[in-house]
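The sequence shown begins at 18 in the numbering used here and counts up one residue at a time.
Glycine included, C-beta positions come from ideal geometry on N, C-alpha and C.
For reference, the structure discussed in these notes is given below.
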Amino acid sequence: MLVRQYFIVLIACSSLVACQSGGDNAAPGTGTAGAATVDTPARSTDSNPANTSTALPGKLSAADSARAPNELGRIPVVEYHLIGDSDSRWGRERGRFRRDLLLLYERGYRPVSISQVLDRKIDLPRGLSPVVFVFDDASPGQFKYIERNGELEIDPGSGVGIWLDFRKSHPDWSNAGVFCMLSGAAAGRSFFGDKGIEGQKSEWRFQKVKFLADNGFELCNHTLWHANLAKYPDAFVQEQIARGVLAIDSAVPGYKVRTFALPLGVWPKNRALAKSGSWTDPKSGKVTRYYFDAVLEVSGGPTRSPHDPKFNPISINRIEVFGDELERTLDRLDKNNSRYVSDGDPRIVARLPGNG
Ligand SMILES: [Zn+2]
C-alpha cells in the first residue's frame, strides 16, 4: 500500500535513481519477502564491515513515526577533532560530545558510514534520518587505552569509549562512525597516540585501528602528517596520501580505504591526485596505488543525498561541530524541510516536493 497521509512523490528504482549500486549482488526490484528489513546482513562480498549496519532494532518516538519521508533531503556529515577536557574551536568537551550523541538520537538521527551513503545502503526505519560522524586527525582523545593488570581497556572518557557506552543504552546506534586518520603526525596524531603521549603506547596503534575496522567503523585516510597539499609538488602529495593508505593496510591488511579527507580542506594543485594516484617507495621500489570513492571537504553544510542527481562523492561537504553549530544545523534542516528522512523501504526513493 502506497497510501500516505501527506503528499510525497515516490520514485521507483530506475537508471536515473538507482536503489542499489556497485558491489551489491541483489538486483533492484527483485526483492520479495524481507527485502525492506532494517538491517542489511553482511554479505560475503563485503570485505569492510563499514559497508553494513551494526545496529540492533530500537524504539521510535512518536515524532519519528510522524516524520514525512524525504530521501532526496540533506545529510549532516559532522566533523570532530579533539575530544577531551574543554570545548574549543577544534575540541569538544567529552560531556558535550555525549550530549551531541543524545541530541541527534532524540531528534531521530542514526549513524551511517560514508560507505553506506556511497552504496545507497541507508537502511534506516521509516521516519529516521542518517547522520555521518567523522573524526579527523586520530588524536589520542578520540581513542585511548588504559592498561590495568596487563589488560587493555578502552578509556570510557575517550571518544570511542563514550560512543560504545552510549550504544549500550541505545542499541540501534550503530558503529558507523568514520575515522579519518593520520599515521605519522606530531603530538600523538599517529593512529591515536604514540611515544607515551597522553599515556598511549606506540605498540597499541595498530590494535586500535584494527578494533575500529572489526567493529564496523569505517577507516578513512587523512594523509601521513597533515601537510597543506596545495603547497607541495605532485610527487610529495602522492607520497603523503599513499603512505597513509599503506599504514592502514599494515594495521588491517587488505582493507579497502574508500574515503579520503583533505587536510585543512585544501585541495592539491593537481586536484585529481586527491582521488587517485601512485607513489614509488625509493627504498624498495614498491609502487603503491590509491583510488578513493569519496573525498571529504572540511565544511560546506549538510551534504546532498546520494539519490540526488547533483550528489558529488568527490566533494562531500561537512559540518564542523563547535559551539552550537550542531543544534543550529539541525534546526535549519527541520525549518527548511530539507532533511533526509528514510521511508524504510530500500526499493523506493521517497521525496518531498522541493527537494533534490
Ligand atoms: Zn585534519
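For this session: Taking 8 Å as the cut-off, decide whether the C-beta atoms of T320 and I333 are in contact.
Result: Here residue 320 is taken as the residue at index 303 of the sequence shown, counted from 1. Here residue 333 is taken as the residue at index 316 of the sequence shown, counted from 1. Against a cut-off of 8 Å, the Cβ pair of I333 and T320 comes out as a contact.
Problem set entry | Separation of L290 from Q257, as counted between CA atoms | Taking the sequence shown and counting its residues from 1, one reaches residue 257 at position 240. Taking the sequence shown and counting its residues from 1, one reaches residue 290 at position 273. Using only the alpha carbons, I get a separation of about 11 Å.
Problem set entry | For ligand 1, residues whose Cβ lies under 6 Å from any non-hydrogen atom | The filter returns D153, D154, H239, H243 and P280, in chain order.
Exercise. Over what stretch of residues does the beta strand (DSSP E) that includes I336 continue unbroken?
Worked result: In the sequence shown, the residue the question calls residue 336 occupies position 319. Its beta strand (DSSP E) spans residues I333 to E337.
For this session: Compute the Euclidean distance between the alpha carbons of S103 and R113, then round it to the nearest angstrom.
Result: Numbered from its first residue, the sequence shown carries residue 103 at position 86. Numbered from its first residue, the sequence shown carries residue 113 at position 96. In a straight line, the C-alpha of S103 is about 9 Å away from that of R113.
For this session: Identify, in the order they occur along the chain, each residue of the same chain with its Cβ nearer than 7 Å to the Cβ of A50, setting aside the five sequence neighbours on each side.
Result: In the sequence shown, counting from the first residue as 1, residue 50 sits at position 33. Model confidence at A50 stands at a pLDDT of 31, short of 50, so the residue's coordinates are unreliable and nothing is read from them.
Exercise. W221: buried (16+ other C-beta within 10 angstroms of its C-beta) or exposed?
Worked result: Within the sequence shown, residue 221 is the residue found at index 204, counting from 1. Buried, because 16 or more other Cβ atoms sit within 10 Å of the Cβ of W221.
Problem set entry | Own chain partners of P370 with C-beta closer than 6 Å, once the 5 adjacent residues on each side are dropped | On the sequence shown, position 353 is the one that residue 370 refers to. Nothing listed; no residue qualifies.
Problem set entry | 7 Å Cβ shell around V177 - same chain, five flanking residues per side excluded | Numbered from its first residue, the sequence shown carries residue 177 at position 160. Around V177: Q159, F160 and I171.
Exercise. Rounded to whole angstroms, how far is the Cβ of S293 from the Cβ of V304, which I believe are closer than 8 Å?
Worked result: Here residue 293 corresponds to residue number 276 of the sequence shown, with the count starting at 1. Here residue 304 corresponds to residue number 287 of the sequence shown, with the count starting at 1. Contact doesn't hold; Cβ gap of about 13 Å is too wide.
Exercise. In its own chain, which residues sit with a C-beta less than 6 Å from the C-beta of V134, not counting the 5 before and 5 after it?
Worked result: The residue given as residue 134 occupies position 117 in the sequence shown. Same-chain partners within the cutoff: P323.
Exercise. Leaving out five residues before and five after S156 in sequence, what residues of the same chain have Cβ atoms less than 6 Å from its Cβ?
Worked result: Numbered from its first residue, the sequence shown carries residue 156 at position 139. If we look at S156 and ignore the five residues flanking it on each side, its Cβ neighbours are L99 and R206.
For this session: Using alpha carbons as the reference points, say which of F223, S191, Y162 and H187 lies closest to S175.
Result: Working through the sequence shown from its first residue, we reach residue 175 at position 158. Out of F223, S191, Y162 and H187, Y162 has the C-alpha closest to the C-alpha of S175.
Exercise. Quick one: complete beta strand (DSSP E) runs, 3+ long, within the stretch 299 to 359?
Worked result: 304 to 308, 311 to 317 and 333 to 337
Exercise. What is the residue span of the beta strand (DSSP E) that S295 lies within?
Worked result: Here the question's residue 295 lines up with position 278 in the sequence shown. That run of the beta strand (DSSP E) goes S293 to T297.
For this session: Grab me the residues of A83's own chain with a C-beta within less than 8 Å of its C-beta, minus the 5 sequence neighbours each way, in chain order.
Result: On the sequence shown, residue 83 is found 66 positions in, with the first residue counted as 1. A distance below 8 Å between beta-carbons, with the five flanking residues on each side excluded, links A83 to the following residues of its chain, in chain order: G144.
Exercise. Is the number of C-beta pairs between the stretch 119 to 133 and the stretch 360 to 367 that are closer than 8 Å three or more?
Worked result: no
For this session: Kindly indicate which residue of K327, E235, P74 and L343 has the alpha-carbon position closest to the one of C197.
Result: Numbered from its first residue, the sequence shown carries residue 197 at position 180. Nearest option by C-alpha distance: E235.
Exercise. Out of curiosity, what's the CA-to-CA distance linking N329 and E123?
Worked result: Here residue 329 refers to the residue found at position 312 of the sequence shown. Here residue 123 refers to the residue found at position 106 of the sequence shown. For N329 and E123, the distance between alpha carbons rounds to 29 Å.
Exercise. So what's L199 in DSSP terms, helix, strand or just coil?
Worked result: Locating residue 199 in the sequence shown gives position 182, where the first residue counts as 1. Coil, per DSSP.
For this session: Since I believe L281 is in contact with G261 (beta carbons under 8 Å), could you give me their beta-carbon distance rounded to a whole number of angstroms?
Result: Here the question's residue 261 lines up with position 244 in the sequence shown. Here the question's residue 281 lines up with position 264 in the sequence shown. Not really, about 15 Å apart at Cβ, beyond 8 Å.
Exercise. By DSSP, does P370 sit in helix, in strand, or in coil?
Worked result: Here residue 370 is taken as the residue at index 353 of the sequence shown, counted from 1. P370: coil per DSSP, three-state reduction.
Problem set entry | For L229, the nearest candidate out of G75, V195 and G213 (CA to CA) | If you number the sequence shown from 1, residue 229 lands on position 212. When each option's Cα is compared against that of L229, the closest is V195.
For this session: Grab me the residues of V20's own chain with a C-beta within less than 7 Å of its C-beta, minus the 5 sequence neighbours each way, in chain order.
Result: Numbered from 1 along the sequence shown, position 3 holds the residue referred to as residue 20. For V20, the predicted structure reports a pLDDT of 32, less than 50, and the residue's modelled location is therefore unreliable. The matter cannot be settled from this model.
Exercise. Is the beta carbon of A202 less than 8 Å from the beta carbon of I214?
Worked result: Locating residue 202 in the sequence shown gives position 185, where the first residue counts as 1. Locating residue 214 in the sequence shown gives position 197, where the first residue counts as 1. In this structure, I214 does not lie closer than 8 Å to A202 by Cβ.
Exercise. Is Y2 buried or exposed, if buried means 16 or more other CB atoms sit within 10 Å of its CB?
Worked result: With the chain covering only 18 through 373, there is no way to say anything about residue 2.
Problem set entry | CA-to-CA distance, W190 to F183, given in whole angstroms | Here residue 183 refers to the residue found at position 166 when the sequence shown is read from its first residue. Here residue 190 refers to the residue found at position 173 when the sequence shown is read from its first residue. Distance between the alpha carbons of F183 and W190: 8 Å.
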